[in-house]
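See structure below.
Protein chains: 2
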Amino acid sequence: MAGRTYGQYCGLARAMELVGERWAMLVVRDLLLGPKRFSELRRGLPRIPTNILSARLRDLEQAAIVQRRILPRPAAAVVYELTSYGKDLKPIVLTLGAWGARSLDDPQPNDSVMADALVLALQATFHPEAARGLEATYELHVGPVVLHARIADGTLDAAEGSLPGADLVLDAGRALKALMAGEISPSEALESGMVRITGKPDLLARFGDLFRLAPAPSRRPS
Amino acid sequence: MAGRTYGQYCGLARAMELVGERWAMLVVRDLLLGPKRFSELRRGLPRIPTNILSARLRDLEQAAIVQRRILPRPAAAVVYELTSYGKDLKPIVLTLGAWGARSLDDPQPNDSVMADALVLALQATFHPEAARGLEATYELHVGPVVLHARIADGTLDAAEGSLPGADLVLDAGRALKALMAGEISPSEALESGMVRITGKPDLLARFGDLFRLAPAPSRRPS
DNA sequence: CTGGATCCCTCACGATACTG
DNA sequence: CAGTATCGTGAGGGATCCAG
Numbered sequence: 004m005a006g007r008t009y010g011q012y013c014g015l016a017r018a019m020e021l022v023g024e025r026w027a028m029l030v031v032r033d034l035l036l037g038p039k040r041f042s043e044l045r046r047g048l049p050r051i052p053t054n055i056l057s058a059r060l061r062d063l064e065q066a067a068i069v070q071r072r073i074l075p076r077p078a079a080a081v082v083y084e085l086t087s088y089g090k091d092l093k094p095i096v097l098t099l100g101a102w103g104a105r106s107l108d109d110p111q112p113n114d115s116v117m118a119d120a121l122v123l124a125l126q127a128t129f130h131p132e133a134a135r136g137l138e139a140t141y142e143l144h145v146g147p148v149v150l151h152a153r154i155a156d157g158t159l160d161a162a163e164g165s166l167p168g169a170d171l172v173l174d175a176g177r178a179l180k181a182l183m184a185g186e187i188s189p190s191e192a193l194e195s196g197m198v199r200i201t202g203k204p205d206l207l208a209r210f211g212d213l214f215r216l217a218p219a220p221s222r223r224p225s
Numbered sequence: 004m005a006g007r008t009y010g011q012y013c014g015l016a017r018a019m020e021l022v023g024e025r026w027a028m029l030v031v032r033d034l035l036l037g038p039k040r041f042s043e044l045r046r047g048l049p050r051i052p053t054n055i056l057s058a059r060l061r062d063l064e065q066a067a068i069v070q071r072r073i074l075p076r077p078a079a080a081v082v083y084e085l086t087s088y089g090k091d092l093k094p095i096v097l098t099l100g101a102w103g104a105r106s107l108d109d110p111q112p113n114d115s116v117m118a119d120a121l122v123l124a125l126q127a128t129f130h131p132e133a134a135r136g137l138e139a140t141y142e143l144h145v146g147p148v149v150l151h152a153r154i155a156d157g158t159l160d161a162a163e164g165s166l167p168g169a170d171l172v173l174d175a176g177r178a179l180k181a182l183m184a185g186e187i188s189p190s191e192a193l194e195s196g197m198v199r200i201t202g203k204p205d206l207l208a209r210f211g212d213l214f215r216l217a218p219a220p221s222r223r224p225s
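And the structure:
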């Protein structure tokens, strides 16, 4: 006993006991976008063993972070959703995700690109001040994933799926991150063929301002 | 290989690969208050095996989160300090700590109470607006630990150790959290004997406003 | 004394198979 | 579809030992 606790009277230690175990944060991440069923969670976490997913859901439920709910009818299915306490993790998950994204390098061939992660990445890096007075809709293609973003006067609405009639359709392989981190300019991105667009080209220039990621960490200095 | 990665192209997954392993976050926490030597870290993390501490420091160094530095002279000792990328974790660690503190119940007899954790807890819960126009100094006693806080016009300076001449000396067993979460009123805390003070009593009332923690999660509702 | 390295043991995790 | 049962492996825990 006491094997999995840190033995400290400390909020951070407690937090890591609650959501620090492997996969737990990613389960929370997927539930941030709404209630999900067991198999939907599996789909969003392709490498998770089912017994681990079971165990995490049980732990999170016991910690009052997740809540099981029986769908009324006619479904009669079980869904998992975040409690209010669980939803309070949202700013943390977003900020932590933006921090981690900075040291993300190009995806391995085996890496999966999940729509939910990209939707949250947009939310995490969205810069409301850069969107003042702007009304625009984007459709993004990243590998096999399609998502969209509506910007209306400082607010963002992002979700999976396409958006017919979007002002700009952006196919960004994985230069998306480079664009958001300011590592390449929009014109460079276009000329090198790393991104392809259809629609209003000036919206590409604004994209990097709307969704801004801090630069990657450097090896040397403090 | 690839056993410890999540196989997702996702900032959060990357973040958990970097700081999600056991003890890693707590090492970062302790380094947030300044460079520390190996043995100082051990002292702040009483239950960590030394091989794990070694391994974590190596991992964090390789991830450009921590940096080894040789102290000039006359010490010639090794210290570990956060890089700029590591310091960027501070708001995350503080917020996550405040979140976790909400589900902290009374400390187990074996739990250690670390000064660093309390200092960061003060920083995490500090409410600058509540400190407008206030100039005050506190000395806090929590179990065997003594720390202090200086408040001057909206800013907080907290550190370990006593502060002779503090405006209010507060000995709060562990009713400290209840006070910060608004679970008990200052007068209740005094009358029940859960906290003892010497100094200006009205500063006790302000304490709960200066350092405010959200209420504990409830079991039932969403 | 600091800053680790080494050994062994245990348990949580991971892969797979199986069940209501 | 929604998990549980089984079992092997490797990371974590704890003690001890060693070099500068």
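Those protein sequence lines, which keep their order, are chains A and B.
Residue 4 is where the first sequence starts when you use the working numbering, and the numbers rise one by one after that.
Residue 4 is where the second sequence starts when you use the working numbering, and the numbers rise one by one after that.
Even glycine gets a Cβ: it sits at the ideal position worked out from N, Cα and C.
A quick note: this is a predicted structure, and the numbers were derived from the prediction, not measured.
### Query
Would a check of beta-carbon distances place B:P112 closer than 8 Å to chain A?
no
### Query
Taking C-beta to C-beta, are A:M28 and B:G23 nearer than 8 Å?
yes
### Message
What does the alpha-carbon distance come out to for the pair A:V149 and A:L92?
### Response
26 Å
### Query
Which residue's Cα is closest to the Cα of A:L166: A:A152, A:V30, A:L121 and A:L63?
A:A152
### Query
Rounded C-beta distance between B:A2 and B:L216? I'm assuming under 8 Å.
Because residue 2 of chain B is not part of the residues shown, which for chain B are 4 to 225, the question remains open.
### B:T205 versus B:G196, B:L171, B:P220 and B:G185, residue with shortest Cα-Cα distance
Reading off the sequence, residue 205 of chain B comes out as Asp, not Thr. Ranking the options by Cα distance to B:D205, first place goes to B:L171.
#### Entry: chain B contacts made by the stretch 78-110 of chain A, where a contact means CB separation under 8 Å
E84, T86, S87, Y88, D91, L92, P94, I95, V96, T98, L99, G100, A101, W102, G103, A104, R105, S106, L107 and P110
### Task
Determine the closest residue to A:D212 out of A:A18, A:G157 and A:E163, with distance taken between C-alpha atoms.
A:G157
### Query
Just reading off the alpha helix (DSSP H) that B:Q126 is part of, what are its end residues?
A118 to T128
### Query
Should A:G23 be flagged as near chain B, meaning a C-beta pair shorter than 8 Å?
yes
### Under 7 Å from the C-beta of A:V116: neighbouring residues of chain B
Y12
### Task
Going by DSSP, name the residue or residues bridged to A:V145.
A:V148
### Task
Anything in chain A within Cβ reach of B:M197, meaning under 8 Å, just list it in chain order.
Those do not exist, as B:M197 stays about 16 Å from chain A at its closest Cβ, beyond 8 Å.
### Task
Taking only the alpha-carbon atoms, compute the straight-line gap between A:M4 and A:G168 and give it to the nearest angstrom.
Only weak support exists for where A:M4 lies, its pLDDT of 37 falling under 50; the value from the coordinates is given anyway. Looking at the two C-alpha atoms, the distance is approximately 58 Å.
#### Entry: Any C-beta of chain B under 8 Å from that of A:M4
Note that A:M4 has pLDDT 37, beneath the 50 cutoff, so the model's placement of it is unreliable and no number is given.
### Proximity winner among B:A161, B:E20 and B:R25, relative to B:A139 (alpha-carbon distances)
B:A161
### Query
If you run the structure through DSSP and keep just helix, strand and coil, what is A:R7?
coil
### Message
Could you give the first and the last residue of the continuous beta strand (DSSP E) run that contains B:L159?
### Response
T158 to E163
### Residue environment, A:D108, which counts as buried when at least 16 other CB atoms sit within 10 Å
exposed
### Query
By the 10 Å Cβ neighbour count, where 16 or more other Cβ atoms means buried, how is B:T53 classified, buried or exposed?
exposed
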